[in-house]
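A.B. asks: There's a structure below that I have some questions on.
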Ligand code: CO
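Numbering (our numbering), first residue to last: 37 to 291.
Here is the structure:
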């Protein structure tokens, strides 16, 4: 049987972070599974269109990639999302897979980053192993957040940081709960004045550069207005070797 691995990402139009995160994950997957062809798909149509328009780069949607794999004679497919939570993007990916299942002998699907309790613990250790904080510095992580019920992953993540002894870490989201104001209330209680800001997203793209670290209307500017000394860590989760390892493990589990 001819095997293929489809790596499904939300995507980013920022090529710098794309190369440092998604491309590295795909390369490590190709190195680990040399007998399988590795394919790329993005779930964001908006980003696919933007890359085509501004960079003349074509990226497949999930269904386009599946058709391409089928044309290449692949009959055994493993799909690994690089999504953080089991949210809307993952649901949409699953719907697309269902529709094209009949093209293959077998399709197996790996889980997003934060799926089991162990995944949370491993992700936290992976981040903390490669993040240096100075004395008295708090780490505020910006997750994406969603209307989907899977948004509960974010409060769970913060809870788990604290359960593992990392009380200096707080988690907020750009688009849902907890919000920056919830994070700020906890910062006040902690009584610390130094904050390191980092995205808890696969890439350090639009949200990280603008909503998190922008000069206006950003988490950085709002924290600075409140008198915090803010340091930005412009690093997507895909740049952490320990995070990439979890995705590799999820492929192995799916196999
Ligand atoms: Co967004």
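Using N, Cα and C, we set each Cβ at its ideal position, and we do this for glycine too.
Per DSSP, residue 230 is paired with what?
C.D. replies: DSSP, once it has assigned bridges, lists 173 and 265 as partnering residue 230.
A.B. asks: Please check the pair residue 210 and residue 174, which I expect to be a contact at CB under 8 Å, by giving their CB distance rounded to whole angstroms.
C.D. replies: Actually they do not touch by this definition, with Cβ atoms about 18 Å apart.
A.B. asks: Would you report the Cα separation of residue 244 and residue 235, rounded to the nearest angstrom?
C.D. replies: Going from the Cα of residue 244 to the Cα of residue 235 covers about 6 Å.
A.B. asks: Using only the heavy atoms of the ligand CO, determine whether one of them is closer than 7 Å to the beta carbon of residue 184.
C.D. replies: Residue 184: no, Cβ never under 7 Å from the ligand CO.
A.B. asks: For residue 46, is the classification buried or exposed, using 16 other Cβ atoms within 10 angstroms of its Cβ as the cut-off for buried?
C.D. replies: Classification for residue 46: buried.
A.B. asks: Is it the case that the Cβ atoms of residue 150 and residue 193 are separated by a distance below 8 Å?
C.D. replies: Yes, the Cβ-Cβ distance between residue 150 and residue 193 is below 8 Å.
A.B. asks: By the 10 Å Cβ neighbour count, where 16 or more other Cβ atoms means buried, how is residue 93 classified, buried or exposed?
C.D. replies: Exposed, by the Cβ-count rule.
A.B. asks: Pick helix, strand or coil for residue 49, following the three-state DSSP scheme.
C.D. replies: Here residue 49 sits in coil by DSSP.
A.B. asks: Within this structure, are the beta carbons of residue 50 and residue 242 separated by less than 8 Å?
C.D. replies: Cβ atoms of residue 50 and residue 242: closer than 8 Å.
A.B. asks: Hey, is the stretch 253 to 263 in contact with the stretch 113 to 132, meaning 3+ C-beta pairs nearer than 8 Å?
C.D. replies: No, the stretch 253 to 263 does not touch the stretch 113 to 132.
A.B. asks: Residue 43 and residue 68 look like a contact to me (Cβ under 8 Å); what is the Cβ gap, rounded to whole Å?
C.D. replies: So it is not a contact: roughly 12 Å between Cβ atoms.
A.B. asks: Which of the three DSSP states is assigned to residue 112 in this structure?
C.D. replies: The answer is strand: DSSP assigns residue 112 an E or B state.
A.B. asks: At which residues does the beta strand (DSSP E) containing residue 206 begin and terminate?
C.D. replies: Its beta strand (DSSP E) spans residues 205 to 209.
A.B. asks: To test your reading of the DSSP string, which unbroken alpha helix (DSSP H) runs of 4 or more residues are found completely within the stretch 88 to 152?
C.D. replies: Runs of the alpha helix (DSSP H) inside the stretch 88 to 152: 98 to 107 and 124 to 136.
A.B. asks: At a cut-off of 7 Å, would you count residue 180 as near the ligand CO, judging by its Cβ distance to the nearest heavy atom?
C.D. replies: Yes, Cβ of residue 180 sits closer than 7 Å to a heavy atom of the ligand CO.
A.B. asks: Within 10 angstroms of its Cβ, does residue 185 collect 16 or more other Cβ (buried), or is it exposed?
C.D. replies: Classification for residue 185: exposed.
A.B. asks: Measuring CB to CB, does residue 239 end up less than 8 Å from residue 272?
C.D. replies: Yes, the pair counts as a contact, with Cβ atoms nearer than the cut-off.
A.B. asks: For residue 53, collect the residues of the same chain with a Cβ closer than 6 Å to its Cβ; drop the 5 residues on either side in sequence, then sort them by chain order.
C.D. replies: Closer than 6 Å at Cβ, skipping near neighbours: 239, 240, 241 and 272.
A.B. asks: Leaving out five residues on either side along the sequence, give the residues of the same chain with a beta carbon under 7 Å from the beta carbon of residue 132.
C.D. replies: Closer than 7 Å at the Cβ level, and outside the excluded window around residue 132, lie 98 and 99.
A.B. asks: Taking 7 Å as the cut-off, is the C-beta of residue 211 nearer than that to any heavy atom in the ligand CO?
C.D. replies: At least one heavy atom of the ligand CO is nearer than 7 Å to the Cβ of residue 211, so yes.
A.B. asks: Out of 88, 123, 225 and 139, point me to the one whose CA is closest to residue 190's CA.
C.D. replies: Residue 190 has its Cα closest to that of 123, out of 88, 123, 225 and 139.
A.B. asks: Residues in the same chain with beta-carbon distance under 6 Å from residue 84, minus the five sequence neighbours each way, listed in chain order, please.
C.D. replies: The residues are 78 and 95.
A.B. asks: Where does residue 271 fall in DSSP's three states?
C.D. replies: If DSSP states are grouped into helix, strand and coil, residue 271 belongs with coil.
A.B. asks: With DSSP as the reference, identify every bridge partner of residue 195, one or two as the case may be.
C.D. replies: DSSP output for residue 195 lists no bridge partner at all.
A.B. asks: Hey, is residue 39's beta-carbon within less than 8 Å of any beta-carbon in chain B?
C.D. replies: Protein chains in the displayed structure number just one, and chain B is not present.
A.B. asks: Please report the straight-line C-alpha distance between residue 269 and residue 285, rounded to a whole angstrom.
C.D. replies: So the two alpha carbons sit approximately 26 Å from each other.
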